[in-house]
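Colleague: Can you read through this structure? Questions will come right after.
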Amino acid sequence: MLQLLRDEFVVEDLRVRVEQFVSDCLLCKHVKGGKLIQRPWNSTHTATRRNELLHMDFLQMGESYGESQYLLVLKDDLSHYCELVACESDNGLVAASAVLDWYKRFGLPETWMSDN
């Protein structure tokens, strides 16, 4: 993940920022070894098949190289496979385009989950 970010962004202390992001991520409990007690905001849905549930959210990277100041994070619920999409803005057009690209490779996810 670190190398993918380095290929797209120039960020001071990138390793530290990535480690902090992963340690704060509520979706990364598999990284934390179950130390985090999950507190669901709403009814939860757990996938039983790949591509059944796709999580997505924007991450603001702040000042970076070029115009791309955001990452759209796409994550399959079952496999934890992630894609990072560098983008200039955090809007629905970017998300729709990324989901269409996901669809071309893996098919249409049954359920999409986002905080917006």
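When we follow the numbering used here, the leftmost residue of the sequence shown carries the number 595, and every step to the right adds one.
Backbone N, C-alpha and C define an ideal beta-carbon position, used for all residues, glycine too.
#1: Excluding the 5 residues preceding and the 5 following Phe652 in the sequence, name in chain order all residues of the same chain whose CB lies nearer than 6 Å to its CB.
#2: What residue range does the beta strand (DSSP E) around Phe700 cover?
#3: Does the separation of the CB atoms of Leu598 and Leu678 fall below 7 Å?
#4: Using 8 Å for Cβ pairs, my map puts Ala680 next to Ser662. What's the rounded Cβ distance?
#5: Just curious, the beta strand (DSSP E) that Gln654 is in, first and last residue?
#6: Just to confirm before moving on: does the CB-CB distance between Met655 and Phe603 stay below 7 Å?
#7: What's the gap between the Cα of Lys698 and the Cα of Trp706?
#8: With the cut-off set at 7 Å, would you say Arg644 and Ser617 are in Cβ contact?
#9: Rounded to the nearest angstrom, how far is the Cβ of Leu687 from that of Cys676, given a contact under 8 Å?
#10: Terminal residues of the continuous alpha helix (DSSP H) containing Val610?
Modeller: In terms of the structure at hand:
#1: Position 58 of the sequence shown, counting from 1, holds the residue named residue 652. Cβ within range, chain order: Tyr664, Leu666, Asp684.
#2: For the purposes of this step, residue 700 is taken as the residue at position 106 of the sequence shown. Secondary structure note for Phe700: it is in no beta strand (DSSP E), and the uninterrupted alpha helix (DSSP H) holding it is 686 to 700.
#3: Along the sequence shown, one-based indexing puts residue 598 at 4. Along the sequence shown, one-based indexing puts residue 678 at 84. A contact, by the Cβ cut-off of 7 Å.
#4: In the sequence shown, the residue the question calls residue 680 occupies position 86. In the sequence shown, the residue the question calls residue 662 occupies position 68. At roughly 4 Å, the Cβ-Cβ gap stays under 8 Å, so Ala680 and Ser662 are in contact.
#5: For the purposes of this step, residue 654 is taken as residue 60 along the sequence shown, with counting starting at 1. Counting along the chain, the beta strand (DSSP E) containing Gln654 begins and ends at 647 to 654.
#6: Taking the sequence shown and counting its residues from 1, one reaches residue 655 at position 61. Taking the sequence shown and counting its residues from 1, one reaches residue 603 at position 9. Cβ distance < 7 Å, so Met655 and Phe603 count as in contact.
#7: Residue mapping note: residue 698 aligns to position 104 of the sequence shown, counting from 1. Residue mapping note: residue 706 aligns to position 112 of the sequence shown, counting from 1. The C-alpha of Trp706 is placed about 16 Å away from the C-alpha of Lys698.
#8: Mapped onto the sequence shown, residue 644 falls at position 50. Mapped onto the sequence shown, residue 617 falls at position 23. No, the pair does not count as a contact, with Cβ atoms beyond the cut-off.
#9: Translated into positions along the sequence shown, residue 687 becomes position 93. Translated into positions along the sequence shown, residue 676 becomes position 82. With 8 Å as the limit, Leu687 and Cys676 do not qualify as a contact, their Cβ atoms being about 21 Å apart.
#10: Taking the sequence shown and counting its residues from 1, one reaches residue 610 at position 16. Residues 608 to 618.
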